[in-house]
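**Student:** Numbering (the working numbering), first residue to last: 2 to 191.
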């Protein structure tokens, strides 16, 4: 599937014309339901199904799986857990304090754990001083839907190795950490 912006052109005495400006290819495994433009070349897309297989989509609809959205609250240093209702509204379920500034969240497809790239010092991140770079941090949240989710720091650095971590994802026994403007780091998980 592809999407892209168009420009609406009106000509006096002629039919209006849509000029296709750019084509963006979307991953074939998503089931895009809606798009919201948030800039000239950026948008949010929502999926109406988790599964791409039509039989699994039907089963998903019939058994009414509960879907959740996890939101990084950078000002309050927490992750908000929201439940997506049948009418697509969101209901606040709970907040989980993380003690750091959470950025992007990756949900582990095998365990359901959340892996989050974080900024341990927001001021350093904003100042972007090459002589005093912002550090990096990765946290993991296990059992987020339980009464006592477990928040664990799995990586921390003062900026000497990795500057400004923003995302983390587990792949087998490896941890991949991405940054806003630095490099990517691959670590062994023990």
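Each residue gets a CB set at the ideal place from its N, CA and C atoms; glycine is no exception. In this text the structure is predicted, and so the values were computed from the model without any measurement.
1. Check residue 95 in the structure and name its three-state DSSP category.
2. Identify which residue in 156, 57 and 72 has its Cα closest to the Cα of residue 171.
3. When DSSP builds the beta bridges, which residues end up paired with residue 173?
4. If you count every other CB in all the chains shown that lies within 10 Å of the CB of residue 59, and 16 or more means buried, which is it?
5. Go ahead and pull the three-state DSSP assignment for residue 154.
6. Under a Cβ-count criterion, where at least 16 other Cβ atoms within 10 Å of its own Cβ denotes burial, should residue 130 be classed as buried or exposed?
7. Considering only C-alpha positions, which residue in the set 108, 79 and 137 is nearest to residue 179?
8. So residue 124 is in the alpha helix (DSSP H); what residue range does that whole segment cover?
9. Tell me, please, whether the region 108-128 touches the region 85-94 by the rule of three or more beta-carbon pairs shorter than 8 Å.
10. Closest to residue 189 by CA distance: which of 183, 181, 177 and 182 is it?
11. Leaving out the 5 sequence neighbours to the left and right, which residues in its chain are closer than 7 Å to residue 118 when beta-carbon positions are compared?
12. Mind checking residue 99: buried by the 16 CB within 10 Å criterion, or exposed?
13. Pop quiz: residue 5 and residue 24 are said to be a contact at Cβ under 8 Å. What is the actual Cβ separation, rounded to whole angstroms?
14. Confirm, please, whether the CB-CB distance from residue 164 to residue 80 is below 8 Å.
**Tutor:** Taking the definition as stated:
1. Reading the chain shown from its first residue, position 94 is the one you call residue 95. When DSSP states are grouped into helix, strand and coil, residue 95 belongs to the strand group.
2. Along the chain shown, one-based indexing puts residue 171 at 170. Residue 156 is the option with its Cα nearest to residue 171.
3. If you number the chain shown from 1, residue 173 lands on position 172. In DSSP, residue 173 forms no bridge with anything.
4. Position 58 of the chain shown, counted from the first residue, corresponds to residue 59. Exposed, because fewer than 16 other Cβ atoms sit within 10 Å of the Cβ of residue 59.
5. In the chain shown, residue 154 corresponds to position 153, counting from 1. It is a strand residue.
6. Along the chain shown, one-based indexing puts residue 130 at 129. Label assigned to residue 130: exposed.
7. Counting from one through the chain shown, the residue named residue 179 turns up at place 178. Comparing Cα-Cα distances from residue 179 to each of 108, 79 and 137, the minimum goes to 137.
8. Mapped onto the chain shown, residue 124 falls at position 123. Its alpha helix (DSSP H) spans residues 123-128.
9. Judged by Cβ distances under 8 Å, the region 108-128 makes no contact with the region 85-94, as fewer than three pairs qualify.
10. Taking the first residue of the chain shown as 1, we reach residue 189 at position 188. Considering only alpha carbons, the answer is 177.
11. Taking the first residue of the chain shown as 1, we reach residue 118 at position 117. Exclusion of the five residues before and after residue 118 leaves 104, 105, 139, 166, 167, 168, 169, 178 and 179 as the residues of its chain whose Cβ lies within less than 7 Å of its Cβ.
12. As a first step, residue 99 is located in the chain shown; it is residue number 98 there, counting from the start. Classification for residue 99: buried.
13. The residue given as residue 5 occupies position 4 in the chain shown. The residue given as residue 24 occupies position 23 in the chain shown. Between residue 5 and residue 24, the beta carbon gap of about 4 Å places them in contact (Cβ cut-off 8 Å).
14. Translated into positions along the chain shown, residue 80 becomes position 79. Translated into positions along the chain shown, residue 164 becomes position 163. No, the pair does not count as a contact, with Cβ atoms beyond the cut-off.
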